[in-house]
């Protein structure tokens with residue numbers, strides 16, 4: 030069973046999302062402030078964090094930075110900020126999805142389901158490239174370059190995996206999105222540009 034941590038200060042929103050996710054069979058933890066969320070994350074095995082930006086103690090961006098330093102867990106950032114610059118900033122600090130409020134709990138649940146379908150779809154375990162200079166471990170979702178662990182977000186890992194499996198091929202942005210995230214991906218095309226820039 031996959032476990033999800035919701036860090037959301039609006040209890041009414043958190044309760045509804047939690048109910049939808051539990052109905053789908055997920056284990057769900059929830060808290061209304063960032064520091065408690067970080068503490069919960071350290072104690073429990075968490076596979077996805079749904080993180081609100083506006084929290085009463087520390088802001089969600091700071092929580093995201095802290096989580097990203099200690100884990101490559103998937104992070105869905107949930108916020109009322111909807112400008113392109115806000116989205117790019119959120120992705121740059123480590124979020125994998127940037128979802129704007131108001132968001133249907135059914136849509137959020139569908140995105141979560143799609144994420145875990147995608148994560149569970151890998152077939153090859155370890156890929157080696159350039160005389161073992163680049164090693165991609167699918168099960169551990171880790172990457173080593175010249176013997177050093179590469180710090181990638183989950184979305185960056187998925188993009189690298191697609192490109193590595195198709196070495197030498199040229200893909201459009203749309204083709205990368207479809208292969209890495211599926212046809213139900215509804216994020217910004219520019220978010221893919223940010224991830225690819227980080228990979229380079």
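Numbering (my numbering), first residue to last: 30 to 229. Backbone N, C-alpha and C fix where the C-beta goes; we use that ideal spot for every residue, glycine too. Every value quoted in this text rests on a predicted model; they were computed, and no experiment measured them.
TODO: Find out if the Cβ-Cβ distance for the pair residue 123, residue 182 is shorter than 8 Å.
DONE: Mapped onto the chain shown, residue 123 falls at position 94. Mapped onto the chain shown, residue 182 falls at position 153. It is a contact, given that the beta carbons lie within the stated cut-off.
- [ ] Under 8 Å Cβ to Cβ from residue 38, same chain only, skipping five residues before and after it: list those, please.
- [x] Against the chain shown, residue 38 aligns to sequence position 9. Once the five neighbours on either side are set aside, the close Cβ partners of residue 38 are 61, 62, 81, 83, 84 and 85.
- [ ] Check whether the segment 155-174 touches the segment 182-194, taking contact to mean three or more Cβ pairs, one atom from each stretch, closer than 8 Å.
- [x] Yes, since at least three Cβ pairs between the segment 155-174 and the segment 182-194 fall closer than 8 Å, the two stretches touch.
- [ ] With DSSP as the reference, label residue 151 as helix, strand or coil.
- [x] Taking the chain shown and counting its residues from 1, the one referred to as residue 151 is at position 122. Confidence in residue 151 is poor, its pLDDT being 46 and thus under 50, which makes the residue's placement too unreliable to answer from.
Open item on the list: Quick check on the DSSP output: the alpha helix (DSSP H) that includes residue 171 runs from which residue to which?
Closed with: Taking the chain shown and counting its residues from 1, one reaches residue 171 at position 142. Looking at the DSSP string, residue 171 is not in any alpha helix (DSSP H); the run it does join, the beta strand (DSSP E), is 171-174.
Task: Assumed close pair residue 65, residue 33 - CB separation to whole angstroms, cut-off 8 Å - done: As a working mapping, residue 65 is identified with position 36 in the chain shown. As a working mapping, residue 33 is identified with position 4 in the chain shown. Their Cβ separation, rounded to whole angstroms, is 15 Å, which puts residue 65 and residue 33 out of contact at 8 Å.
Task: For residue 36, three-class secondary structure by DSSP - done: Position 7 of the chain shown, counting from 1, holds the residue named residue 36. Residue state, collapsed to three classes: strand.
Open item on the list: Using 8 Å as the threshold, is the C-beta distance between residue 46 and residue 36 below it?
Closed with: By one-based count along the chain shown, residue 46 stands at place 17. By one-based count along the chain shown, residue 36 stands at place 7. Contact: no.
- [ ] Name, in chain order, the residues that DSSP records as bridge partners for residue 133.
- [x] Taking the first residue of the chain shown as 1, we reach residue 133 at position 104. In the DSSP output, where bridge partners are listed per residue, residue 133 has none listed.
Task: Distance between residue 172 and residue 128 (C-alpha atoms, nearest Å) - done: By one-based count along the chain shown, residue 128 stands at place 99. By one-based count along the chain shown, residue 172 stands at place 143. One C-alpha to the other measures close to 27 Å.
Open item on the list: Taking DSSP's pairing of strands, which residues face residue 106 in a bridge?
Closed with: As a first step, residue 106 is located in the chain shown; it is residue number 77 there, counting from the start. Note: residue 106 sits in a beta bridge opposite 80 and 127.
- [ ] Let me know if residue 54 comes out buried or exposed under the rule of 16 or more other beta-carbons within 10 Å of its beta-carbon.
- [x] Working through the chain shown from its first residue, we reach residue 54 at position 25. Answer is exposed; the Cβ neighbour count stays below 16.
TODO: Answer with buried or exposed for residue 40, where buried requires no fewer than 16 other C-beta atoms within 10 angstroms of its C-beta.
DONE: Here residue 40 refers to the residue found at position 11 of the chain shown. Exposed.
Task: Option in 74, 180 and 135 with minimal Cα separation from residue 97 - done: In the chain shown, counting from the first residue as 1, residue 97 sits at position 68. Nearest C-alpha to residue 97: 180.
Task: Of the listed residues 142, 174, 143 and 144, nearest to residue 156 (C-alpha basis) - done: Here residue 156 refers to the residue found at position 127 when the chain shown is read from its first residue. The shortest C-alpha separation from residue 156 is found at 174.
Open item on the list: If I follow the unbroken beta strand (DSSP E) through residue 190, where does it start and stop?
Closed with: Position 161 of the chain shown holds residue 190. Where residue 190 is concerned, there is no enclosing beta strand (DSSP E), although the alpha helix (DSSP H) it sits in stretches over 183-194.
Open item on the list: What does the alpha-carbon distance come out to for the pair residue 58 and residue 184?
Closed with: Within the chain shown, numbered from 1, the residue matching residue 58 stands at position 29. Within the chain shown, numbered from 1, the residue matching residue 184 stands at position 155. Here the C-alpha atom of residue 58 lies approximately 23 Å from the C-alpha atom of residue 184.
Open item on the list: Quick check on the burial criterion: 16 or more other C-beta atoms within 10 angstroms. Buried or exposed for residue 109?
Closed with: Start at 1 with the first residue of the chain shown, and residue 109 comes out as number 80. Label assigned to residue 109: exposed.
Open item on the list: Using a Cβ-Cβ cutoff of less than 7 Å, which residues in the same chain neighbour residue 151 once the five nearest sequence positions on both sides are dropped?
Closed with: Position 122 of the chain shown, counted from the start, is the residue given in the question as residue 151. Unreliable placement is indicated for residue 151, whose pLDDT of 46 sits below 50; no coordinate value is reported for it.
Task: Backbone secondary structure at residue 61 - three-state DSSP - done: Counted from its first residue, the chain shown places residue 61 at position 32. It is coil, neither helix nor strand.
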